[in-house]
Amino acid sequence: MDMDASAYIAEQIPLLRQLHAQLALPPTALADDTARIDAAVRAAIVSVVRGREDEVAVWEARIADGKRALAGLARAVGEKGRSVINANRRDSEPEGPQALPAQHERLVEQTAELEVVYNERLAQIEALRAELEKLSVLLGPPFELPAPLTPIPGLAVPARKPRPSVAATLPPPVNLAPTINKRTSGRRASAFHAPVPEPEPPKLEAWLDVGEDVQAALLSALEKATEERDARLRTLEMCFNDLIWYRAELDLPPFEQLQPELRPPRSEEERPGAHLRYEVLLEHVISLNPVKAGSFGDEERDIEGMEEVEPEVGLINWADALLQLWMEEKETRDEQIQSLYERIEPLWDRLNVEQEYIDSFTERNVGSGLGSIQAYEEELQRMLEKRKASLSDFVINVRKEIAQLQDALLLSDDEKAEFGAYIDDEYTEELLSAHEEEATRLRSELEASSIHLARVKEWLTLKADEEELERSAADPNRFKKRGTAMLQEERMRKRVEKRKPKIEADLLASLPAWEEEHGRPFLARGQRVIDVIEDAIAAKEAAKEAKKRAKLGLGPTAPAKGRATPAVGNRSQPPTLRKRELPTPCPTGSTSKRPRPLGSRIPSGSTSRSVSTRSVSGMGRSVSSSTTRSVSGTTHAMRHVEETPTASAARRFGAPAGSRVNALVPRQQERADVFKTPGKTPGRTPRKSFKPRRSIAGGLLAGRFVLDEADEDDDMF
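Set out below in structure tokens:
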């Protein structure tokens, strides 16, 4: 049984005295040995205590380093790390202190747990950064490369010098080798050499910030970049869709044979060979998505061959530049075809070409290819040759057209007589050219004033109806009429009261701007329309005032002075054709007469003609009118057709021209329906293959724009 140190020393002191006696040592020697024993015991105790203190210090250093590393790792991980730290704080407040090795083991487990989270999060973030870097390079500014991850210091402590051992501080022991007993040597050695754990060298680590906020920021940036990529890809697909359609519409050859002016210049390449690669890609896509000329552009269809295509900035810019070049080329060719058509159209009308042939020709030559242009040029040449073969008939037909245009423009007899070549019977090429120039001038004038003319004719009809109602009201036998006649009269009265003031207000508001723009008064039958309307309004007010004064028994007021009609210049016309030396021609069987005042009625025996116009799309109004004019047949008799002047805006590039049933659109939409840049705005108008538009005068003379009688009661304002 082990005994304590004091009992052991007490047991050994008698033995020490015997040894001293045997050695005949002085009494002071025993005191010295006893002092040495006390010093050795104290040194052994201090050595053991200090050794354990060093061991505790090592564990505390390990725990401190572990806590610092765990804190840095927790900050790097984010919310998950904070939850672990909070749990560790709760566990560090038990009723009794926890052993240091257990604390260290718990820190190691928590660190290992967070390291797993850290490594997984770091792998995810690195994958996000790699994808974002790829998209940033693809999309360019403002999509920048992701910033590098921010390092979080591991908070490692600096290297510490180990505490010196107690044995090193003690004086060297006395050599007791001769007196050492084998029984005590082992005990003495173990007492001076207690095991002390060596402290681990501190780890200097830096964790990267992989918290939830960093991951969320990368996800948000990646989502925006992905949305932008998808949007650019859709734009590129729409652009390729348009390029496929324009390629077919223009009947362009492959890029190897394409004119340089129809390709973006190679000087704009972002790197050598880029445009060649883009051309190969577009050729491949076109080969997989064939389109026929004259077809509608399907905006919604999926394009094959775009699966592996990325919306590079250079590719998008190249496609946009190419599309712009092809759109401009189509516009140029369309204008060229339209110009040819406008020269052919009067020839078709004057040569009485069958409508079936016209429709067939326009359908065969749909599109904007060079073949269509050549076909129109050949058709123009053929019509000119036919015109030469029948010069006299051609002059007569042009005169009929001129007469119709003059009637549509409400020209007076004096204004008609200003074209002196009309009565020339010597049919020459010069005479035909003069007639064609006059017809062209009248067509242009009709284009410029068609809307106002329709309103003037409407006003004339309403004014005539108003006069008819006044005569009917003064007729003592009006109540003897049948019920149907009374009903029609009431309907006419409501129509006049509703529409006439509106038309007057509209004409008085719009005609001054027209006169200022064209630098001349707006005339109808030789009189200024504004003056006639104002005089009619003043006369109506004067009649009301006179009737009112008559009821009150008052005398009539002084008559108002007549309006001084300003001098009216001639309409725009070649000076050589303004005056005639011969009397004003009149058709056979009719007599010359003075110009009829605007708004006056025509004798009941004259032939009447209805002139109507359909509603003009986009203008918000529908006009209809009927005028009457005395006509009799002669060699140069005029054809009577229903006329409808419409605005020059009432023509659509994409509508079939030969069929003469073009839909009417306002001028500001005319160009946008065909040459709108694809992919820029939602809800684009579908593309339509180009067909020449028929002129307003051509449609008028063909009698195609006619309203039903029921439509005339619609309010056009």
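Once you know that position 443 of the sequence shown is 455 in the numbering used here, the rest is easy, because the numbers rise by one and skip nothing. Backbone N, C-alpha and C fix where the C-beta goes; we use that ideal spot for every residue, glycine too. Just so you know, these numbers come straight off a predicted model, no measurement behind them.
DSSP-derived helix/strand/coil call for residue i
i: Arg532; result: coil
i: Gln34; result: helix
i: Met250; result: helix
i: Asp547; result: helix
i: Asp263; result: coil
i: Asn489; result: coil
i: Ala111; result: coil
i: Thr440; result: coil
i: Arg507; result: helix
i: Arg345; result: helix
i: Asp727; result: The predicted model places Asp727 with a pLDDT of 36, which falls under 50 and marks its position as unreliable; any figure quoted below should be read in that light. Note: Asp727 maps to coil in three-state DSSP.
i: Pro272; result: helix
i: Lys304; result: coil
i: Phe373; result: helix
i: Arg705; result: coil
i: Pro26; result: helix
i: Ala159; result: coil
i: Arg283; result: coil
i: Val623; result: Residue placement at Val623 is flagged as unreliable, the pLDDT there being 33, under the threshold of 50; the coordinate-derived value follows with that caveat. The answer is strand: DSSP assigns Val623 an E or B state.
i: Phe406; result: helix
i: Leu523; result: helix
i: Leu231; result: helix
i: Glu316; result: coil
i: Pro154; result: coil
i: Trp364; result: The question names Trp, but residue 364 in the sequence shown is Asn. DSSP places Asn364 in coil when its eight states are reduced to three.
i: Pro513; result: helix
i: Ser424; result: coil
i: Leu481; result: helix
i: Asp16; result: coil
i: Ile21; result: helix
i: Val468; result: helix
Cβ-based neighbour list, residue i, same chain, cut-off 6 Å, excluding 5 preceding and 5 following
i: Glu282; result: Gly326
i: Glu121; result: none
i: Val226; result: none
i: Leu134; result: Val222
i: Arg503; result: none
i: Ile542; result: Leu523
i: Leu352; result: Tyr388 and Leu392
Presumed contact (8 Å Cβ cut-off) between residue i and residue j, rounded CB distance
i: Arg362; j: Val321; result: The Cβ separation is near 54 Å, so there is no contact.
i: Val468; j: Leu519; result: 7 Å
i: Pro163; j: Trp219; result: 7 Å
i: Asn301; j: Ile256; result: 5 Å
i: Leu248; j: Pro160; result: Contact flag wrong, Cβ pair sits at about 32 Å.
i: Leu230; j: Pro158; result: 6 Å
Residues that DSSP places opposite residue i in a beta bridge
i: Ile356; result: The partner list for Ile356 (beta bridge, DSSP) is empty, contrary to what the question assumes.
i: Ile164; result: Trp219
i: Arg540; result: Leu535
Chain-order list of residues whose beta-carbon lies under 7 Å from that of residue i (same chain, five-residue window excluded)
i: Ala41; result: His32
i: Arg94; result: Ala86
i: Glu291; result: Phe267
i: Leu119; result: Ile75, Gly78, Lys79 and Leu82
i: Ser372; result: none
i: Leu28; result: Leu42 and Asp45
i: Leu270; result: Leu264
8 Å CB neighbourhood of residue i in its chain, flanking five on each side removed
i: Ala794; result: Since the first and last residues shown for the chain are 13 and 729, residue 794 lies out of range.
i: Ile97; result: Leu82, Ala83 and Ala86
i: Glu295; result: Pro266 and Phe267
i: Pro276; result: His287, Trp330, Ala333, Leu334 and Leu337
i: Ser279; result: none
i: Ala19; result: none
i: Ile137; result: Leu161, Val222, Val226, Gln227 and Leu230
message: Taking contact to mean 3 or more Cβ pairs, one atom from each stretch, closer than 8 Å, check whether the region 342-360 and the region 386-399 are in contact.
response: Enough Cβ pairs lie closer than 8 Å, so yes.
field: Given 8 Å, three or more beta-carbon pairs between the region 412-428 and the region 370-385
entry: No contact exists between the region 412-428 and the region 370-385.
- prompt: Is the number of C-beta pairs between the region 492-511 and the region 450-465 that are closer than 8 Å three or more?
  reply: In this structure the region 492-511 does not touch the region 450-465; the number of beta carbon pairs closer than 8 Å is below three.
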